[in-house]
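Engineer: Residue numbers (this note's numbering), protein chains in the order written: chain A, 77 to 980; chain B, 77 to 980.
1) CB residue 874(B) to CB residue 851(B), shorter than 8 Å?
2) DSSP on residue 115(B), reduced to helix/strand/coil?
3) Reducing DSSP to helix, strand and coil, say where residue 455(B) ends up.
4) Using 8 Å for Cβ pairs, my map puts residue 424(B) next to residue 115(B). What's the rounded Cβ distance?
5) Taking DSSP as the reference, what is the three-state secondary structure of residue 347(A)?
6) On the three-pair Cβ rule with 8 Å, is the region 855-862 of chain A touching the region 821-830 of chain A?
7) Which class does residue 361(A) belong to by DSSP, given the choice of helix, strand or coil?
8) According to DSSP, which residues form a beta bridge with residue 959(B)?
9) Starting from residue 886(A) and walking both ways along the alpha helix (DSSP H), at which residues does that stretch end?
10) Residues of chain A with a CB under 7 Å from the CB of residue 851(B): which are they?
11) Show which residues of chain A have a CB atom less than 9 Å away from the CB atom of residue 770(B).
12) Quick one: does residue 778(A) have its CB under 8 Å from some CB of chain B?
13) Between residue 929(B) and chain A, is there a C-beta pair that is closer than 8 Å?
14) With 16 as the cutoff for other CB atoms within 10 Å, does residue 939(B) come out buried or exposed?
15) Could you check what DSSP says for residue 409(A) in three-state terms: helix, strand or coil?
16) For residue 352(B), tell me which candidate among 289(B), 479(B) and 495(B) has the shortest Cα-Cα distance.
17) Can you give me the C-alpha to C-alpha distance between residue 346(A) and residue 276(A), rounded to a whole angstrom?
18) For the region 790-823 of chain B, list every residue whose C-beta sits within 8 Å of some C-beta in chain A, in sequence order.
19) Apart from the five residues just before and just after residue 263(A), which ones in its own chain have a Cβ nearer than 7 Å to its Cβ?
20) Using a beta-carbon distance cut-off of less than 8 Å, what residues from the region 903-925 of chain A approach chain B?
21) For chain A, check one thing: does any of its Cβ atoms lie closer than 8 Å to the Cβ of residue 93(B)?
22) Okay, do the region 565-579 of chain B and the region 449-465 of chain B touch, 3+ Cβ pairs below 8 Å being the bar?
23) Give the secondary structure of residue 930(A) by DSSP, where H, G and I count as helix, E and B as strand, and everything else as coil.
24) Below 8 Å on the Cβ atoms is my guess for residue 806(A) versus residue 706(A); work out the distance and round it to an integer in Å.
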């Protein structure tokens with residue numbers, strides 16, 4: 077028996093269900109599920125993704141049995157709906173849509189009204205009694221079929237110019253003009269008949285053959301077109317960006333047409349079961365009376381908020397609310413639905429999770445609300461809260477912690493649109509996706525301004541800080557994509573008028589040209605001229621609730637990297653349980669200190685060096701006091717000076733140019749002599765590969781005075797703060813250890829200083845000495861090193877650099893991004909920990925370290941400490957904590973909870 | 077019962093033997109052994125190293141029982157020799173000498189003639205009937221005892237100025253002058269008596285107490301002085317340089333004095349049982365009639381070649397030859413002996429292995445000769461040859477492969493001395509060890525020229541290319557030390573006259589000033605003005621024999637790193653079994669090619685780049701043809717381009733200075749414009765850390781044209797050479813792979829090129845594709861990588877850099893040498909493989925690689941491939957071969973044999 081490729085839905089039951097996503101695609105699986113739970117779904121059938129995969133693997137041919145199964149299901153469909161494809165009296169019209177296992181909104185193609193030809197047109201007129209409607213449907217079908225199915229992909233060898241939508245719209249516009257019609261609806265049946273005739277003529281002229289009139293051939297061509305659309309450029313680009321595998325394939329959904337454009341008791345709409353922007357518990361969406369679905373999605377006509385439906389068709393509205401509630405209860409998630417009302421009857425055309433296109437703030441609120449409503453699980457405490465945690469992805473928290481416009485900023489907005497994706501963004505105005513991509517890649521901050529956006533604009537979103545559109549609301553393409561990416565977006569801002577040719581937009585008298593700076597506030601929908609002050613995001617009550625649940629579940633500690641007292645305070649507010657990395661050299665870089673630091677480095681005598689260090693000591697002591705006070709007894713890991721000393725000196729090339737100029741212009745001056753002295757000093761300290769040079773503990777071994785001063789400052793600060801009554805737990809971290817003897821020597825030297833200070837002050841401090849594990853040799857010999865260390869902290873930035881032999885500064889632009897694009901590396905290893913390479917070293921080091929020192933405290937302080945996938949790895953290898961930037965602490969708390977839930 | 081600390085030897089048997097080296101020191105153990113095998117050794121006793129260790133561990137006190145044991149043995153000694161310490165009629169005189177477990181020639185102190193005072197002097201006169209001799213002995217004793225035992229170490233708190241040898245020699249000189257004596261021997265007994273009196277007066281004035289006259293006190297003070305000399309600065313420095321542990325301690329040898337200065341039928345000498353310079357089977361040394369041993373060793377008087385002894389005392393000479401043969405047969409090694417003839421009777425004072433002070437050439441010849449003579453083992457084939465292999469250390473071969481003066485050079489030598497240590501050296505003349513050290517460290521080539529050398533000069537040997545002395549022969553201090561270090565040395569060149577104050581030496585009319593360049597030929601003893609052409613060393617027949625034995629034993633292959641045909645030829649001559657690394661970029665650096673390479677790098681268009689590559693192709697093809705022909709069918713591993721491209725462009729800083737100058741001096745010129753263009757190009761390619769940047773296979777992935785050209789050149793060359801009838805086995809090595817996908821992508825691309833060329837040429841080549849394992853990630857994921865690689869080659873230079881996180885260029889001067897000095901690292905990991913860190917990665921990679929690809933060929937091509945300790949590691953982890961520079965191939969062959977013999 078041939079394999080089953082086609083799954084029927086209709087007549088109250090379906091062969092598929094929501095669990096069959098990878099076989100039937102998201103849309104097909106959900107159509108089947110909705111059918112099964114009794115919702116009004118127009119009947120149809122789904123051709124599985126396996127058929128698509130076979131199609132690609134066998135030179136674009138169908139698998140054996142597929143033709144027959146399609147025919148069988150078509151017959152069944154005709155029986156269920158009581159109509160026949162191409163029938164002159166009661167014709168069946170269908171839509172043909174793609175549907176991939178992973179949502180790829182707008183990336184692939186759709187054909188509506190399929191089955192129309194000169195005969196079935198008569199049947200449609202007979203059935204609807206509406207000649208104008210029938211011709212309008214026919215016109216649309218010819219246009220869409222030509223564009224989607226037959227014109228082929230641009231830049232591909234089978235591309236046929238002249239069959240695009242635009243060519244047919246031009247014909248319509250000509251007829252409109254001839255008839256003196258203003259709106260589409262002003263064109264009567266005769267006009268539309270003329271459009272149809274001229275469209276068919278145009279088609280034959282371009283294509284060399286008449287428009288295909290056999291409905292079965294139409295169906296076969298449309299099915300193939302959907303298969304092919306899986307590999308169009310847009311879809312491939314999307315998959316690459318989203319890391320979706322190329323071999324999943326798409327399903328094809330063939331479904332009975334229902335018509336929202338059959339008069340005022342018809343209509344169509346899209347809705348979210350809760351507000352996707354705020355999470356508010358209220359059905360949210362848009363509705364357009366007497367229209368087909370494509371009109372709404374494409375934003376061609378302006379839809380109205382969905383609650384206005386209550387006035388025009390209250391019964392159907394109530395039915396819709398009931399459906400929404402049923403769907404949420406069934407799916408335990410916010411749903412994003414499409415529906416059509418045909419002559420007062422509600423049909424569900426799609427449902428899918430609303431999460432991918434909701435803001436982070438909304439997802440968090442919905443998860444918490446649904447848990448507390450008992451909607452996720454009746455056992456709220458034991459299971460509901462855990463399900464809520466798993467509903468929220470770390471990036472949702474990331475997005476909601478973006479900066480916001482400062483509410484105290486007294487700026488007047490120049491316009492207001494729909495608050496489509498929250499957060500504030502400032503940048504130079506650009507008017508094309510290409511410009512946004514190019515300038516964004518070059519490091520410029522830009523705001524992409526478009527009348528509306530289409531899937532062809534998506535590459536520009538990545539380069540832009542935010543998006544501003546003139547047309548479309550919270551469910552428009554721009555809004556969906558921006559929310560998915562966490563980019564601020566103000567949509568449907570119809571007060572602005574865009575002139576793409578002149579590269580400017582106007583609001584009344586105000587002209588905003590390309591390159592002018594604007595700010596947008598996606599949280600409120602406001603648009604401002606210039607740069608507006610922003611503030612850090614605040615935690616919402618729901619987020620605090622959710623993270624308190626996370627803390628009950630997670631086993632990893634979450635610490636923060638903080639160099640200053642205000643960072644430490646912020647970290648605590650965000651729930652950090654310690655400071656995992658305080659970089660002392662940042663303190664050296666401050667403008668009032670740099671001259672002293674330079675004096676210390678360039679000192680000719682011991683005395684000069686000590687004099688400079690004596691002046692730095694009180695400054696460093698104050699830094700540490702501030703941090704200890706802020707952390708109120710939580711552990712603070714302080715890393716001793718790490719970078720090579722030449723980083724504190726003037727730039728070599730600059731000095732070289734200046735000295736060369738002076739040699740010519742002012743030879744023999746003291747100015748030249750001093751410049752040359754400095755140049756010489758810098759040259760003597762220059763290194764071929766500073767990353768691998770005289771830095772970290774190597775500095776401390778060659779020039780011990782600096783770290784002795786630092787440890788003195790730490791312990792003096794600790795004693796003072798402890799005397800104030802605040803508990804302190806400093807942990808001294810010695811960087812770049814590669815051989816245990818380095819640690820032994822430095823620790824011995826510094827512990828002497830520590831003990832001396834405690835003796836001087838008469839205060840006893842609970843302290844630790846430990847090391848970064850950031851070069852492979854340290855990881856390989858961790859068993860030895862752990863005998864001398866109280867803690868390890870994986871410095872995965874440097875560990876990744878040395879394990880890969882890659883200098884991040886040099887690599888990212890020059891080849892690393894290309895590696896990721898070409899699939900040579902699965903991801904940028906500086907963002908997501910390379911578990912198969914670097915991870916092996918970490919695992920070895922943790923095991924060997926714990927074996928020789930069971931009390932060893934082990935954490936991570938590289939950037940990976942804030943990356944969810946890396947956090948899960950850290951949980952699995954049994955680290956004690958992860959440490960990340962303060963703003964990633966909430967994300968890490970959730971990720972740590974996820975890790976605990978997924979790895980019980 | 078108290079522990080035994082004192083070991084007696086004498087009267088035909090000894091309590092110790094040669095195996096008790098660490099307890100009795102080398103000298104003591106061999107004195108015991110010689111006694112036991114019946115050689116004429118003056119009786120005595122040895123105080124063990126354990127007594128010395130106790131002495132240091134317990135605040136310079138003796139262990140319990142030592143005093144008593146010394147007294148006991150002294151009494152025994154008095155009985156055996158029939159003399160009494162301090163006796164007025166028949167006094168016992170003894171020497172007190174140090175003797176460490178590991179030879180530290182000249183580093184510690186010796187006292188002769190101990191036991192003399194005003195009473196025993198009379199006994200000596202009575203016994204010898206030679207008043208002059210007795211006073212001369214007394215004079216020498218006072219001088220030596222004051223200097224060695226009582227003056228203390230310079231720079232130490234117990235240093236007493238005025239007690240040094242020099243002060244007493246001044247007294248002797250004054251008396252000589254007063255008496256009008258020319259030579260020491262011209263001073264008669266009365267004169268010597270005056271010297272003794274004045275010396276004692278001088279002593280009392282300086283020391284505040286009279287010269288110690290109690291022989292037992294003399295003995296105690298001398299014993300302590302030997303203990304203390306273990307920790308004098310010279311000895312400590314020597315141990316640091318030679319990596320000898322500080323806690324071994326020295327033994328003290330107290331031995332009956334015999335006198336070589338008792339007339340013309342007395343004498344003293346030092347000898348090697350074979351020629352330590354050439355290895356010739358012939359007793360070799362110096363003899364001085366009527367003299368004490370110190371005169372020979374210190375080179376104070378010029379000794380005569382030992383065979384002249386035959387004329388003056390033929391019987392004793394024959395006895396000496398017999399002793400030498402007996403010693404060789406007993407020790408199975410060349411021996412370095414000291415002997416004294418007292419009134420026609422031969423006494424052996426010392427024997428030790430002559431290997432440490434023999435040339436490499438000699439050691440090799442001696443090992444081969446002794447094996448074939450059956451002296452090492454009667455079973456020559458099975459055991460003798462293996463023992464010969466173990467007799468020779470890799471550094472012996474290293475030394476003998478130093479460069480030699482070109483025999484075709486028609487230079488006239490300006491002087492000729494003793495060919496004390498072979499090899500040629502050229503450099504600027506310096507006259508002090510300090511200068512040699514300082515300038516040598518700064519990278520300058522210098523020749524150290526001294527009248528003679530002492531242990532205080534040894535630090536200068538390290539900095540010098542070679543050593544030239546005016547006094548002393550093949551057994552002088554300079555000769556011994558130079559041979560031990562493998563530095564060329566011409567000794568006893570008495571034609572030169574050195575003026576240390578004027579910093580110059582003269583030979584007749586020729587004046588050579590400090591800084592002038594000279595060349596010395598330690599192989600022939602010649603000295604030249606200026607730089608003389610040298611040639612590579614040749615293999616001696618004995619070395620070829622030895623290495624053929626090595627090849628029968630070793631299991632590791634020995635390949636060579638060679639970039640040019642002549643290197644490849646040389647490598648084959650030295651026994652290389654393949655080329656393990658042919659660096660293609662060296663070919664790019666040649667002056668005629670660099671402009672084309674730069675054109676290729678700076679190309680603006682594909683076409684320009686291809687045009688440059690098209691011109692490089694035939695050049696590279698010729699390179700490879702030469703190498704393939706030279707290797708005659710042995711495998712050749714060719715590494716594709718590795719360094720970052722900016723290495724082929726002009727120096728950035730130079731360009732920046734030139735452009736800055738032109739901006740001021742010639743603004744607006746095309747010259748400036750071109751300079752700026754080049755500067756911009758170089759700047760765009762500059763990297764923060766080029767070691768970790770765009771190089772290796774990364775280059776190939778970003779700019780595939782270069783490596784495609786290289787592979788085309790390799791395969792075109794291979795096809796042509798194979799067509800000529802020479803077998804070829806190219807192995808393409810892809811550098812810097814960190815992720816298997818890099819190798820997959822590059823291999824796929826290049827294998828396409830290879831197949832295309834073979835098709836074009838109609839020739840089938842046996843080839844391999846493989847990778848360097850030179851970054852930690854490659855080693856960590858070797859199991860995956862081996863699935864795509866036919867071979868691994870460990871690039872341990874880069875692997876060490878990345879595993880340690882150390883840039884060799886930056887580190888060696890800035891901190892690595894300090895690390896080794898301070899003992900933080902046991903050795904420079906770039907010279908000797910770090911087995912506990914880098915070695916772990918290698919072991920992991922070999923195991924995982926072989927597991928997933930059992931046919932994997934695994935080798936090493938870093939510098940460690942020529943380092944004996946690292947080679948042993950490579951043997952143990954099971955590599956297939958090591959690859960090193962051609963000149964290290966013979967060394968590696970021996971080291972590989974050693975590894976096999978030691979790790980059966």
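Just so it is clear, CB atoms sit at the ideal spot from N, CA and C, and this is done for glycine as well. None of the values given here were measured: they were computed from a predicted structure.
Structural biologist: Inspection of the coordinates gives the following:
1) Start at 1 with the first residue of the second chain, and residue 874(B) comes out as number 798. Start at 1 with the first residue of the second chain, and residue 851(B) comes out as number 775. Taking 8 Å as the Cβ cut-off, residue 874(B) and residue 851(B) qualify as a contacting pair.
2) Here the question's residue 115(B) lines up with position 39 in the second chain. DSSP places residue 115(B) in coil when its eight states are reduced to three.
3) One-based indexing of the second chain puts residue 455(B) at position 379. Residue 455(B) falls in the coil class under three-state DSSP.
4) If you number the second chain from 1, residue 424(B) lands on position 348. If you number the second chain from 1, residue 115(B) lands on position 39. The pair is a contact, with the Cβ atoms about 5 Å apart (cut-off 8 Å).
5) On the first chain, position 271 is the one that residue 347(A) refers to. It is a strand residue.
6) no
7) Against the first chain, residue 361(A) aligns to sequence position 285. In the structure shown, residue 361(A) sits in a strand (DSSP, three-state: E or B).
8) To locate residue 959(B), count along the second chain from 1; it is residue 883. Residue 959(B) pairs with 635(B).
9) In the first chain, residue 886(A) corresponds to position 810, counting from 1. Taken as a continuous stretch (DSSP letters only), the alpha helix (DSSP H) holding residue 886(A) covers 884-887.
10) Locating residue 851(B) in the second chain gives position 775, where the first residue counts as 1. Chain A residues near residue 851(B): 880 and 881.
11) Position 694 of the second chain, counted from the start, is the residue given in the question as residue 770(B). The contacting residues are 886, 887, 890 and 891.
12) Walking along the first chain from the start, residue 778(A) turns up at place 702. Closer than 8 Å: yes.
13) The residue labelled residue 929(B) in the question sits at position 853 within the second chain. Chain A, which has no Cβ nearer than 8 Å to the Cβ of residue 929(B), makes this no.
14) In the second chain, residue 939(B) corresponds to position 863, counting from 1. Under this definition residue 939(B) is a buried residue.
15) Along the first chain, one-based indexing puts residue 409(A) at 333. Coil.
16) Here the question's residue 352(B) lines up with position 276 in the second chain. For the residues 289(B), 479(B) and 495(B), the minimum Cα distance to residue 352(B) belongs to 495(B).
17) Position 270 of the first chain, counted from the first residue, corresponds to residue 346(A). Position 200 of the first chain, counted from the first residue, corresponds to residue 276(A). Those two C-alpha atoms are separated by around 32 Å.
18) 812, 814, 815, 817, 818 and 821
19) By 1-based counting over the first chain, the position of residue 263(A) is 187. Here the set comprises 251, 252, 255 and 257.
20) 910, 912, 913, 914, 916 and 917
21) Locating residue 93(B) in the second chain gives position 17, counting from the first residue. It does not; no Cβ of chain A falls within 8 Å.
22) no
23) Position 854 of the first chain holds residue 930(A). In this structure, residue 930(A) counts as coil in the three-state DSSP scheme.
24) Indexing the first chain from 1 puts residue 806(A) at position 730. Indexing the first chain from 1 puts residue 706(A) at position 630. Not quite, the Cβ-Cβ distance comes to about 13 Å (not below 8 Å), so this is no contact.
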